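Okay, so here's the structure we're looking at.
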């Protein structure tokens, strides 16, 4: 067994210096993802074809070299950071998209950008709903690896619900295909869905076949303000109780709204500054949306402090701008953020709102919260100043308390980001020792040399103890 | 390590003779499923609670006793038959159903009947779409274990698409929970979906949380006849090309129609006997269905030889009666049936129709075919007479050729029945050696003693060489 450096030299001799890059520029660029925790790898591999990947994996297994698969690196959890060094396999150039307009399927390679897939589908009347906020940057490979979600989850589901087949490599280096480009498949253990959400620890995905759905012919957007967060939550529950399933149901608490209002200088509802809001979008057949609109307007009149429908696409876009402003504006409240994408069952929304109020009081931190109320996936942003030790300790205590509460309420510690490094301290709140043991047994079975994305998920990494890079990424919210 | 008989005695001493039954009546009833291949177990366990299951699994692991979990036993593949003997755990009495009307979820125990879940959901305005034809008998535990499908797969998806969380036991005996009762979950390896479709080989499911969708307010049914099967297939493709997604799109070839017409004495379309037909059902908001209806009627006028819409629910039911008649009536064409639930991608429908014609000519067997064209899941019924050796050989050759063709066309050897015993000879057509090896590695990782449903999936069992019981089951088609 060679050292990583010797193995890297051997790999470079085999594939050439254009495919296997060891220069600082390449290594630094592949050292971190959106978690901004840098761990430079020994080399970055830009495979030209499947044979290159097979060669990398053969050598990596022989010499136990860690392998981290990378797309655009938008992961917020550190799941794409090569924490144990080794080789990064960069698939960003593997970006082919082919829409099968007849079957309603997209055949894509791992590096394809999610927004490009959506646009290619929409051009021929099909719709790919999952839409993480980084969709103009992130790749489908990363979305599958982390089971990414987005605003459409409540009605349409998440990435997992749209993956029909996967092609790629086992950690041991064999090329495999899971599933078929068909809507039914019940033949053998389902390793397709085991790969989805396994964060690059059980396989390397090179291609996917995605299911598409007919593009909704009509959309309609409404913004509504509420007196308090619990009132907004109660209103959402009342809407869903009428069996209305909006395509999007976004929530911003008063702190998020205040951030957005300060950033834009505009009060969202004149005379009602700083109120929690809901942004609701209906989508479907034109007649269906017309019908549902009446129900939603009657609901808003009864439940909301104020509401405003978009008259056209441009007005709808203006409403959405509010939603996008809040996240970046939060850095007025602190220069560091623990961004947690927890999930809470709908019946516990109000209980969770009360918990957050208590957490704010006790931690003395700003904790603006927004998210997707169709599926209970809330983004809780614990803001603090990294130079103030008391705030750092308070943030650490707050995130621990948050995770304990979420699990106690029957929810999930992550809805769409995954575990990576950032959530590793909380995995055992969600999963019992037997569950973790079973996951680790599966890991050992498929990756006996432990080379795929080591150091993640099962090993505890306390992100708040590690300095983050002071770097602005293209997808960081303005 | 004791013999099975000694271990059984020990188990009975521990849990009592009411829980652990060894009488011939209990053992005979648990010896077979709908594949009608009997293998009597040593004992049948009717657990009262989770502690009973834990006790059974502890002893089974100690003495390497095979465990077969059983619901109603409607599996067509032998997946619920205790082929290696041992203990059957019968969960039919574990049938509690609780609908969370607010969240749109069903909390069910494994023995709950699928049709009961549907009715309980519909009573409060929710819909659980998966609907295997045995839904008035089969249990949700079995549906999850085999990833059951049904007629609604094309538009709504299959069982997998509706499972949010599972509770149960690992083969090693630990109690575990996978997923949460929420619509998003991305926290740890996804063993929930690994369990789904694993046919009782990777875990024992005791409870599930199912996602429900709003009950469609309106339904509309159309029956259309076509000159030939390829014309029916082309018409379906033309319909889907208009982005129309029927809730149901059932196909019956001329042979299935002839069976139904002979059985009922009624010609479906006067003057056009024995024509292939499509049964289409639209579902959705009232206005949406009204809108789509126009498109579908125009399509039928242009594409079909004849068509007829149902005026009301009773007429729609009369149309559905045709569909249900065909399956049982096939036994006029032979006293034995190889019922294969293959899947073919839509673009290859016509190619597959030509293949089936060739297969009929070459095998000299009747092969009536019907199925779900929304997802390409066709039921190919190879009929033969078990006393005629030439027909037996022809059937065996035909099923082999069918499976090879399906895989060559990019399809699946099973869409909704699973592998069990019946499809085991074909698993390696679908999956490469590396894929099978990976599945077996996962099996060993989770079931090191190999006690959960042994002898299935990976070991080759040629059903056509084994005599089937001459027994009529309640869910056999009349």
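Chains as they are written, first to last, in the working numbering: chain A, 1 to 478; chain B, 1001 to 1478. Glycine included, C-beta positions come from ideal geometry on N, C-alpha and C. Computed from a prediction, not measured in an experiment: that's the story for all the values here.
Within the segment 1284 to 1315 of chain B, the complete alpha helix (DSSP H) runs of at least 4 residues fall at 1286 to 1303. Straight-line spacing of the CA atoms in residue 1474 of chain B and residue 1325 of chain B works out to 15 Å.
Residue state for residue 377 of chain A is assigned as strand, using DSSP reduced to three classes. Runs of the beta strand (DSSP E) lying entirely within the segment 1224 to 1295 of chain B, each at least 3 residues long, are 1248 to 1252 and 1277 to 1284 in chain order.
With respect to residue 82 of chain A, residue 41 of chain A sits close: the two C-beta atoms are nearer than 8 Å. Secondary structure note for residue 370 of chain A: its beta strand (DSSP E) is the uninterrupted segment 369 to 372. By a beta-carbon distance limit of 8 Å, residue 1058 of chain B does not contact residue 1068 of chain B. Their separation comes to about 17 Å. Non-local C-beta neighbours of residue 206 of chain A in its own chain, meaning closer than 6 Å and more than five positions away in sequence, comprise 110, 167 and 168, ordered along the chain.
Across the set A/250, A/239, A/201 and A/253, the C-alpha of A/201 shows the shortest separation from the C-alpha of residue 419 of chain A.
Listed along the chain, the chain B residues whose CB falls inside 8 Å of the CB of residue 417 of chain A are 1186. Taken through DSSP and simplified to helix, strand or coil, residue 1471 of chain B comes out as coil. Taking the beta carbon of residue 449 of chain A as reference, no residue of chain B falls within 9 Å; the closest one sits roughly 13 Å away. Taking a cut-off of 8 Å for Cβ pairs, the segment 182 to 190 of chain A and the segment 1339 to 1346 of chain B touch, as three or more such pairs fall below it.
For residue 1439 of chain B, a Cβ of chain A is located within less than 8 Å of the residue's own Cβ.
Remark: C-beta atoms of residue 356 of chain A and residue 394 of chain A do not approach each other more closely than 8 Å. At least one CB of chain A lies nearer than 8 Å to the CB of residue 1345 of chain B.
The Cβ atoms of residue 1099 of chain B and residue 1116 of chain B do not sit closer than 8 Å to each other.
CA-CA distance, residue 1314 of chain B to residue 1219 of chain B, rounds to 12 Å. Around the beta carbon of residue 13 of chain A, a 10 Å sphere encloses fewer than 16 other beta carbons of the protein chains shown; the residue is thus reported as exposed. Of the candidates A/397, A/120 and A/65, the residue whose Cα lies closest to the Cα of residue 452 of chain A is A/65. Using beta-carbon distances, residue 181 of chain A counts as an interface residue toward chain B, with a partner under 8 Å. Pairing residue 1020 of chain B with residue 1045 of chain B gives a Cβ-Cβ distance under 8 Å. Put simply, of B/1149, B/1225, B/1122 and B/1245 the residue whose alpha carbon is nearest the alpha carbon of residue 1134 of chain B is B/1149. Chain B places no beta carbon closer than 8 Å to that of residue 373 of chain A, leaving this residue out of the contacts. The C-beta distance from residue 1406 of chain B to residue 1382 of chain B rounds to 13 Å, too long to fall under 8 Å, and the pair is not in contact.
Looking from the CA of residue 1464 of chain B, the closest CA among B/1435, B/1307 and B/1397 belongs to B/1397. At a cut-off of 8 Å between beta carbons, residue 190 of chain A contacts chain B. Residue range 175 to 178 is occupied by the beta strand (DSSP E) that includes residue 177 of chain A.
Listed along the chain, the chain B residues whose CB falls inside 7 Å of the CB of residue 383 of chain A amount to none; the nearest CB is some 23 Å away. Residue 1320 of chain B is bridged by DSSP to nothing; it lacks a bridge partner. Per DSSP, the unbroken alpha helix (DSSP H) holding residue 1061 of chain B starts and ends at 1050 to 1063.
DSSP, reduced to helix, strand and coil, places residue 1337 of chain B within a strand of the structure shown. Within the segment 212 to 224 of chain A, contact with chain B at the beta-carbon level (separation under 8 Å) is assigned to 213, 214 and 215. Closest option to residue 86 of chain A, judged by alpha-carbon separation, among A/165, A/75 and A/9: A/9. With a threshold of 8 Å between beta carbons, residue 193 of chain A makes contact with chain B. By DSSP's assignment, residue 150 of chain A forms a beta bridge with A/131.
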